[in-house]
Amino acid sequence: VRGVAAISPVSDLTALVSTMDSVTGGMVFAAFVLNAYEDHYDDVRMTDYLRPGIISAAREVPSRCLDGPGSWRSALVVATRLIDPSLFRTDPRTGALGDRLRENTPKPSPEIPLLIVAGGEDPLIKISVQNGYVAALCAADTPLAYRTIPEADHISMLYGNSEFLPSLLAWTGNRFTRVPAKTTC
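Just remember that the numbering used here sits 462 ahead of the position in the sequence shown, which is counted from 1.
#1: Would Leu627 be called buried (16 or more neighbouring beta carbons within 10 Å of its own) or exposed?
#2: Smallest Cα separation from Arg555: which of Leu577, Arg526, Leu586 and Tyr511?
#3: Measuring alpha carbon to alpha carbon, tell me which of Leu620, Val463 and Ala468 ends up nearest Tyr595.
#4: Give me the DSSP bridge partner(s) of Gly581.
#5: Quick check: what's the CA-CA separation for Lys644 versus Gly487?
#6: Taking DSSP's pairing of strands, which residues face Ile469 in a bridge?
#7: Determine the extent of the alpha helix (DSSP H) in which Ala498 is found, giving its start and end residues.
#8: Quick one, which of Pro572, Glu583 and Val495 has its alpha-carbon nearest Ala614's?
#9: Comparing C-alpha positions only, which one of Ser548, Ala477 and Leu577 sits nearest to Pro605?
#10: Under 8 Å by Cβ, that's how I've got Ile574 and Val466 pegged, so tell me the actual separation to the nearest angstrom.
#11: When you compare the CB positions of Leu549 and Asp483, do they come within less than 8 Å of one another, or not?
#12: Does DSSP put Ile545 in a helix, a strand or coil?
#13: Can you find the residues in the same chain that come closer than 6 Å, C-beta to C-beta, to Thr481, ignoring five residues on each side of it along the sequence?
#14: Taking Asp474 as the reference, which of Asn566, Met619, Leu630 and Asn623 has the closest Cα?
#15: Alpha helix (DSSP H) containing Cys600: first to last residue?
This is the structure we're talking about:
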């Protein structure tokens, strides 16, 4: 591996899950995370974290296409059942789920150049989550380049007319020609 370009990465899992209440479609993404963790880890149970009225709908979400109407219909059903706007009955940063989220937060190698790119208008992974993750990596002396695209959402910086694409291609090309990576920390 000569380098990693992480575009809108799911970086700090704990911070990301804790923002699901305020993210459009957050229930859908929380359902994907909780179902996967419950399936993979014996100590994580969805019922320990989600409000009781939304658990059955949350279990259905992963069986539906993410961009299909069924997935969003499940989220709407869940939203209408909520008396309290919170998805969670227990803070997802605590207990077994919190431990597993921290365990699975990416820990980059200092030997592999890293580029992290975040959209300032990303409705899924808030810029504050990316900023916090990058700050923690920089504090740990992890060499990386961080770039924010203020007007970009989750993936628009990759669209064909994006001004960012040439710099991404140049950064990637430099990894193959072994040009030393610059850090922004």
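We put the CB at the ideal spot given by N, CA and C, even for glycine.
Reading off the structure:
#1: exposed
#2: Tyr511
#3: Ala468
#4: Ile611
#5: 36 Å
#6: Val579
#7: Gly488 to His502
#8: Glu583
#9: Leu577
#10: 6 Å
#11: yes
#12: Note on Ile545: pLDDT 46, under 50, position unreliable in the model; no value is reported.
#13: Lys588
#14: Asn566
#15: Ile589 to Ala601
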